[in-house]
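Take a look at the structure below.
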Amino acid sequence: MTKNEIRQLKEMPTGKMIKRVLYNFEESFNYVIVSNKQYFSRTPLEKEDIHNIFLAKLPLFVTQYDEKFQFSFKTYLCMKLKYVIFNEARKMSTRKYKVLNNYREMSDRKYQIKFIAHEKPESDLDISVLDAFEEKVYLTIFEACRSVTCAACELGVSKYIINQTIRKIMFKMKKQLQ
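Here the sequence shown is numbered in this note's numbering, starting from 346 and rising by one per residue.
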């Protein structure tokens, strides 16, 4: 595209801009998505998802383009598409994302979680041996499955105090089991 066409593209409404860019570069975008499939193949993202995310960000990318860049408009958009692929795949593959969203399709066999069941102990542990603060920490971390940092924020103490309390709880529980 020439400089004048790019300037006109920046002034167009969003819908027309997207149609015009797709008309000119759709094959290139598809090629970039297919050639970088290995980056998002292990996530629940599909080719259409990447395409739609990119189209949503396309007006921003078009306005950010500057003629001073040493590559063409087409190359610039393909680089931005790769950027979108890498970032979305990274977001989807982080532990935080997996825990919060548990992927989209839990019924899919690929994302089912396997649990290993342990034998039930002969007697349940008695929590009454814990003082009030230790009981709060126990319930927050072990029963509600929260992290140490989250427990520290909830209870208004430092992580060090939480870790020390966990050690005390573990010691008391071990004593109980003997």
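Glycine included, every Cβ here is placed at the ideal spot set by N, Cα and C. For clarity, every value in this text was computed on a predicted model and none was experimentally measured.
Exposed or buried, what is residue i when buried is set at 16 or more other beta-carbons lying within 10 Å of its beta-carbon?
| i | result |
| --- | --- |
| L405 | exposed |
| Y483 | buried |
| V429 | buried |
| V407 | buried |
| E450 | Low confidence applies here, because E450 scores a pLDDT of 48, under 50, leaving its location unreliable and the question unanswered by this model. |
| T359 | exposed |
| T420 | exposed |
| V377 | buried |
| Y456 | Reliability of the predicted coordinates at Y456 is poor, the pLDDT of 48 falling under 50, and the value obtained from them is presented with this limitation in mind. Flag for Y456 reads exposed. |
In the DSSP assignment, find the alpha helix (DSSP H) that holds residue i and state where it starts and stops.
| i | result |
| --- | --- |
| N349 | 348-356 |
| G360 | 359-380 |
| V482 | 477-483 |
| V493 | 493-500 |
| R512 | 504-522 |
Throw me the rounded Cβ distance for the residue i and residue j pair, which I believe falls under 8 Å.
| i | j | result |
| --- | --- | --- |
| A497 | I507 | 5 Å |
| L390 | A434 | 7 Å |
| F370 | L422 | 6 Å |
| L367 | F399 | Actually they do not touch by this definition, with Cβ atoms about 10 Å apart. |
- Item | alpha helix (DSSP H) segments (min. 4 residues) lying fully within the region 389-417 | 392-409
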